[in-house]
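K.L.:
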Amino acid sequence: MGHIIDSTYIYGTFFAVIPYVKVTLMITFLSVGLGTILGLLSCVLQQNKVPVLSQLSYLYVLLCRSIPNMVLLYLVYYGLPILFLALEDQTGVHVPFEKVPATFVAVVGLTLHTGAYLSEIFRAALQSVPKGQMEAAQAIGMTWFQAFRRIVLPQATVFALPLFTNQFLNTMKSTSIVFVITVIELFGAAKLYTEENSQYFEAYIVV
């Protein structure tokens with residue numbers, strides 16, 4: 006077995022890729038953090054049936070949940086320069102998109118994907134709390150915000166937490182695709198390390 010799997014190479018790969026763990030974690034936490042804000046906003050707009058915005062929010066969730074993560078990442082990667090050029094054409098404001106780091110693009114792409122899924126998780130969590138509890142809280146003198154914070158939110162959080170954790174892990178695993186837009190994270194570092202001798206199996210064991 007020792008001749009089949011090169012343990013020395015595994016050891017070398019480990020120290021080559023370990024500095025890139027922080028890149029993977031940074032992209033994950035930023036994407037989930039921003040995705041949480043985007044998901045909450047989308048959820049609230051749909052729940053309150055805000056004219057136009059709720060329909061746009063529904064369309065966003067539908068599209069970003071339907072499009073494969075890698076395709077969405079490519080759309081953002083190639084679409085942002087077009088958006089910046091259109092902005093410059095309309096306003097005259099030049100955005101140096103060529104200087105925008107690929108990590109930023111990766112975070113935007115993963116945020117759109119994560120936010121769409123979290124929006125549905127939050128919506129299901131809020132709907133799991135009976136409407137009568139909100140009405141009862143307001144009947145005893147609580148404001149809508151007080152009732153939401155004290156009564157609805159704690160119960161919805163218990164429902165949403167397992168699904169939120171699952172989405173966090175899915176986003177972390179999805180960071181492996183950002184290598185296609187030149188971001189070097191854990192998977193990308195291992196792939197680059199193996200280019201000289203093609204010992205991919207050992208490298209991916211480490212990953």
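The sequence shown begins at 6 in our numbering and counts up one residue at a time. Virtual Cβ for every residue (Gly too), placed ideally from N, Cα, C. Since we're looking at a predicted model, the values are computed, not measured.
Would you kindly check if the distance between the Cβ of residue 190 and the Cβ of residue 29 is under 8 Å?
P.N.:
In this structure, residue 190 lies closer than 8 Å to residue 29 by Cβ.
K.L.:
Would you list, in sequence order, the uninterrupted alpha helix (DSSP H) runs of no fewer than 4 residues that lie entirely inside the segment 84 to 140?
P.N.:
The segment 84 to 140 contains these whole alpha helix (DSSP H) runs: 107 to 132.
K.L.:
Quick check: what's the CA-CA separation for residue 174 versus residue 166?
P.N.:
Their backbone Cα atoms lie some 12 Å apart in a straight line.
K.L.:
State buried or exposed for residue 192, treating a residue as buried only when at least 16 other CB atoms are found within 10 Å of its CB.
P.N.:
Classification of residue 192: buried, given that the 10 Å Cβ count is 16 or more.
K.L.:
Rank 67, 131, 171 by C-alpha distance to the C-alpha of residue 49 and give the top, closest one.
P.N.:
Of the listed residues, the one whose Cα sits closest to residue 49 is 131.
K.L.:
In three-state terms, what does DSSP make of residue 207?
P.N.:
Note: residue 207 maps to helix in three-state DSSP.
K.L.:
Within 10 Å of its beta-carbon, does residue 99 have 16 or more other beta-carbons around it, so buried, or fewer, so exposed?
P.N.:
Looking at its Cβ environment, which holds fewer than 16 other Cβ atoms inside 10 Å, residue 99 is exposed.
K.L.:
Pick helix, strand or coil for residue 12, following the three-state DSSP scheme.
P.N.:
Helix.
K.L.:
Residue 53 lies in the alpha helix (DSSP H); which residues open and close that run?
P.N.:
It is not in any alpha helix (DSSP H) - residue 53 carries neither H nor E in the DSSP assignment.
K.L.:
Excluding the five sequence neighbours on either side, which residues of its own chain have a C-beta within less than 7 Å of the C-beta of residue 207, listed in chain order?
P.N.:
Result list for residue 207: 10, 11, 14, 15, 18, in chain order.
K.L.:
If you pair each beta-carbon of the segment 106 to 123 with each one of the segment 20 to 38, do three or more pairs fall below 8 Å?
P.N.:
The segment 106 to 123 vs the segment 20 to 38: in contact.
K.L.:
Beta-carbon within less than 7 Å of residue 122's beta-carbon, same chain only, minus the 5 sequence neighbours each way: which residues are those?
P.N.:
The residues are 70, 172.
K.L.:
Residue 88 to residue 81, Cα distance in whole Å?
P.N.:
Each residue's alpha carbon lies about 10 Å from the other.
K.L.:
Less than 8 Å between the beta carbons of residue 108 and residue 32, yes or no?
P.N.:
Result yes, Cβ atoms of residue 108 and residue 32 sit closer than 8 Å.
K.L.:
So, are the CB atoms of residue 77 and residue 105 less than 8 Å apart?
P.N.:
No, these two residues do not count as a Cβ contact at 8 Å.
K.L.:
Which value, in whole angstroms, describes the spacing of the CA atoms of residue 197 and residue 182?
P.N.:
Distance between the alpha carbons of residue 197 and residue 182 is about 14 Å.
K.L.:
Taking the straight line between their C-alpha atoms, what separation do you get for residue 66 and residue 124?
P.N.:
Roughly 7 Å between the two C-alpha positions.
K.L.:
Out of curiosity, what's the CA-to-CA distance linking residue 188 and residue 62?
P.N.:
Straight-line Cα distance between these residues: approximately 29 Å.
K.L.:
Under a Cβ-count criterion, where at least 16 other Cβ atoms within 10 Å of its own Cβ denotes burial, should residue 137 be classed as buried or exposed?
P.N.:
Per the 10 Å Cβ criterion, exposed.
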